[in-house]
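Novice: Structure provided below as structure tokens; questions to follow.
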Amino acid sequence: MDRIVFYSHRDPLVKLKDHLRDVSARAKKIYKSQKDFVKLQINQKIIENVCVAHDFGKYTTFFQNYIIKKIRDKKNRHFHGFISALFGAWLCKNKDYIPLIAYFVIKHHHGDLRNFEDDLNEGKNVENFQIFKEQIKDIRKNQKIIEKEYGFSIEEFLNEYENVFKTLQDLSFKLFECENQETRIEVYFTILYLYSLLIDSDKKSAAKVDEFKRKSIPKDILERYRKIKNWDNPEKRIDKLRNKLYYEIKRKIENLKEIPNISTITAPTGLGKTFLNLEVALNYRDKLKQKPRIIYSLPFVSIIDQTYKFYDEILTRTLRKEYLNNQNVYLLQHHHLADTKYKGEREEKPVSESLLLTESWDSEIILTTFVQFLHSVIAFKNSFLKKFHNIAGSIIILDEVQAVDIGYWKAIGIVLKKLSELLGCKIIFSTATKPLIIDEYIEMVENQDEYFKSPVLKRTKLIPKIEETKTIDEFTDYFLKNLDNTINSYLVVFNTIKSSIEFFEKIKNLNKKNYIICYLSTNIIPLQRKVRIKKISNMLKRNEKLIVVSTQVIEAGVDLDFQKVYRDMAPLDSIIQVAGRCNRNNKIELGDVEIHRLYDLNMNREFSKMIYGSTTLSLSGKILRNEYTEDNYINLINKYFSGIQKNESFEKSDRVLKGIEKLKFYGENNCIANDFKVIEELPIYQDLFIEINNTAKRIYEKFEKEIIEEKDFIKRLENYHKLKVKFKKYIISVPKDFLKYAINIEIFPKIPLENLEDYYDKDGYGFKRTKEEDVLIW
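This note's numbering puts the sequence shown at residues 21 to 798.
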């Protein structure tokens, strides 16, 4: 009789023992490089046990028939998750809560993390246990071969598996009924870390993807770049102030005895914080022996694009060929609109390999969104957690984190603090309006008043006109009456798409004073938004007459500079962010930022109250009693955030923290999946493809042919990632009711080119909404 050979994967066939050893070797190699700063109760042996156990269930003949002959067992005895999880728990016995963690991590290594207690209840299911017993009986047939491949006896496990499950139940009771919050949160992070090590090593082993050798980045590249740009010889007062801040921060870093867990860089808009953030991070990196990755997290994709171009230029000008040959090993951007391309060792990797390297953040500097970062640390999804082990030990820059819902601040603060304590992360908050998310930190800008109250930065003035509300008609009359021909550029920011369209329609034919009217919101496709932002930027540089009508997409990071700004009422931090788009480069003596309370007659409600919470609006209204110039903004914002802490309930945070403590990752109620969403999903909205031109039409046809009609799953996935960036440039979200105007709803809804004029204002405000529509989005 031929000796049976066990396989883990097909196409091509991979021996199971080789796969288990390779996954273990990969995970242990990563941990070895991190063990000096990872303070979790784990070691190399625990990681090895989890990895060699994760596919133990594939040693059944049921699975081998499935993998080799493609025969699915009718009783699902080819499933390998539960038996592998119990085997992993047995291997990790007598190691505190590690058996429980190993069981959970292994059970879900092919899917998302779920509710911990539900998992144990499923294990007690009679049908599941019957399948398990039949798998144990089957494994006994080849026990000696399996033991030879493992190098140890599995007899005890085969005899005492019921005791293993009983131990897990006892540990679960002890964890949830007897332990404190600190212990349960540490268990949460141990789960995330081991799970990430396992799934990333498993996927890369199966795909035969090798990680690139880590790269060093000289800390002086920014000094070299400054010399190339001749920044040390400024002529403008604003540039002199930027230099003053730069050298103050350099001195602060040099005087640090040790790198703080949490730092803040608090400085006004327009003083070059994007450059300063990298300066601090690279200096920290130079002082830390683990060579940490730098993760730069920002609120909007548009800002990431700008930052990527800036950092790409810095690295290109200073590292030259070394960077150009290994572009993504040094610098990577990761968000839903980013290209799935990865260049290293002088070649662009295939899509499947690029995807694995990108999603696990295998790069030295990663630019990403709050969505990607925060959903990777308060997390349940497999796709987000692949990168968690690479977050360990990293330097994390959070730029303008106040853009995240205030209700989550408490939870985010606790999670970030634990990341620094347990996983060796260094956190940097970069902001013009420091939110009180964490109370223990080192401020890198010691003399903040010198900058916030500098005469050079007395660029804008807040002018509240919020005593009474105005309808859109009344506000339009006010705007036109006060239109000043000596002011070349206006920005008008609304809280909703509906109100922005209504205003735009009323003034779009305004040409008596030679102004160009431009519209900007998520109601136009991303491709047009990008084009319009560039057009607006060029017009502003040429000092042409321009009125931009926008929603909050303009709020932060977009480097535009208007002479006057109007803003519908909003929380104070949002108002100050918009003020950063006014007289940004100090071209005029003082730029006015007027705040108005706009009212929807149909809804009988203020637009601001449809978007923001009552606490933030009420507090902002009380603070904005008078006119304030920019040198007072720091006092206003400190007063605002102090008031928020006193008045905000942080109920959302408490629900998230409860989910973390109870290890409720996914389920119907009170779980991380339901209670933590950086961007609130709108169930009444759906994506819609706009065939704006023949190029869009060809892209949609390619989508149908190469993705929808492709039968091979691997090819379909590769084709999707090749096309997704182009495809998503033509997508907007619309209320589901409007899909009645679309075609191909069962495939992917679209407005065809031949119907474009009926449903999309190509040169104006984008998707056409009926006057009866009362549903509102940003």
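Glycine included, every Cβ here is placed at the ideal spot set by N, Cα and C.
Which residue marks the beginning of the alpha helix (DSSP H) containing E274, and which one marks its end?
Specialist: 257 to 275
Novice: DSSP on D31, reduced to helix/strand/coil?
Specialist: coil
Novice: Run through DSSP, which three-state label would E488 get?
Specialist: Strand at E488.
Novice: Please name the residue in K164, N63, I545 whose C-alpha comes closest to that of R23.
Specialist: R23 has its Cα closest to that of K164, out of K164, N63, I545.
Novice: Where S44 and D222 are concerned, what is the direct C-alpha to C-alpha distance, given to the nearest angstrom?
Specialist: 9 Å
Novice: Pick helix, strand or coil for T542, following the three-state DSSP scheme.
Specialist: coil
Novice: Can you give me the Cβ contacts of T187 inside the same chain, cut-off strictly under 8 Å, excluding the 5 residues immediately before and after it?
Specialist: A109, K113, P119
Novice: Hey, H801 and D75: beta-carbon distance below 8 Å or not?
Specialist: No statement about residue 801 is possible, as the shown extent of the chain runs from 21 to 798 and does not include it.
Novice: Is it true that the CB of V421 sits closer than 8 Å to the CB of T388?
Specialist: no
Novice: Using 8 Å for Cβ pairs, my map puts S464 next to V300. What's the rounded Cβ distance?
Specialist: Note that residue 464 is Met in the sequence shown, not Ser. With 8 Å as the limit, M464 and V300 qualify as a contact, their Cβ atoms being about 6 Å apart.
Novice: Compute the Euclidean distance between the alpha carbons of I823 and K89, then round it to the nearest angstrom.
Specialist: For residue 823 there is no data in the structure shown, the boundaries of the chain being 21 and 798.
Novice: Checking the sheet assignment: what are the DSSP bridge partners for F449?
Specialist: T284, L418
Novice: Leaving out the 5 sequence neighbours to the left and right, which residues in its chain are closer than 8 Å to N713 when beta-carbon positions are compared?
Specialist: L773
Novice: Just list the beta strand (DSSP E) runs in the region 677 to 740, keeping only unbroken ones of 3 residues or longer that don't cross its boundaries, in chain order.
Specialist: 705 to 710
Novice: Would you identify the three-state DSSP class for N135, choosing helix, strand or coil?
Specialist: Here N135 sits in strand by DSSP.
Novice: Starting from the C-beta of K717, find all residues in its chain whose C-beta is less than 6 Å away, skip the five residues before and the five after it, and write them out in chain order.
Specialist: E711, L773
Novice: Verify whether the separation of the beta carbon atoms of S225 and E738 is less than 8 Å.
Specialist: The answer is no: Cβ separation not under 8 Å.
Novice: Do you know how far the Cα of E365 is from the Cα of F102?
Specialist: Computed Cα separation, rounded: 40 Å.
Novice: Got a sec? Which residues, its chain only, sit under 6 Å from Q665 by beta carbon, not counting five neighbours each side?
Specialist: L456
Novice: What does the alpha-carbon distance come out to for the pair E792 and L759?
Specialist: With a pLDDT of 45 at E792, under the threshold of 50, the modelled position of that residue is not reliable, and the figure given next carries that caveat. Looking at the two C-alpha atoms, the distance is approximately 16 Å.
Novice: Check this for me: beta carbons of F472 and P288, under 8 Å apart or not?
Specialist: yes
Novice: Just tell me which of L40, R41, I67 has its CA closest to the CA of K52.
Specialist: Taking only the C-alpha atoms, the option nearest K52 is I67.
Novice: Could you check whether the region 473 to 480 touches the region 603 to 619, counting it as contact only if at least three pairs of C-beta atoms, one from each stretch, sit closer than 8 Å?
Specialist: yes
Novice: Between S173 and K194, what straight-line distance do the alpha-carbon atoms span, to the nearest angstrom?
Specialist: Answer to the nearest angstrom: the Cα atoms are 30 Å apart.
Novice: May I ask you to report which of helix, strand or coil DSSP gives Y510?
Specialist: strand
Novice: Look at the Cβ atom of L357, then the Cβ atom of K748, and state whether they are nearer than 8 Å.
Specialist: yes
Novice: Check whether the region 321 to 329 and the region 393 to 409 are in contact - that is, three or more C-beta pairs closer than 8 Å.
Specialist: Of all C-beta pairs linking the region 321 to 329 to the region 393 to 409, fewer than three are shorter than 8 Å, placing the two stretches out of contact.
Novice: Here's the rule: buried if 16 or more other CB atoms are within 10 angstroms of the residue's CB, otherwise exposed. What is N145?
Specialist: exposed
Novice: Counting only the same chain and skipping the five closest in sequence on each side, list residues whose C-beta sits under 6 Å from that of D651.
Specialist: K473, K478
Novice: If we ignore side chains and look at the alpha-carbon of each, how far apart do G290 and L265 end up?
Specialist: About 12 Å.
Novice: Please report the Cβ distance between S380 and K406, rounded to the nearest whole angstrom; I am assuming they are in contact, meaning their Cβ atoms lie under 8 Å.
Specialist: 5 Å
Novice: Nearest-angstrom Cα distance between K526 and L212?
Specialist: 53 Å
Novice: Have a look at the DSSP bridge pairing and note the partners of C821.
Specialist: Nothing can be reported for residue 821, as the shown portion of the chain is limited to 21 through 798.
Novice: Closer than 8 Å is the cut-off here; do at least three beta carbon pairs connect the region 21 to 40 with the region 196 to 206?
Specialist: no
Novice: So is T284 buried or exposed if we call it buried at 16+ other beta carbons inside 10 Å?
Specialist: buried
Novice: Between the alpha carbons of D612 and T649, how many angstroms are there, rounded?
Specialist: 9 Å
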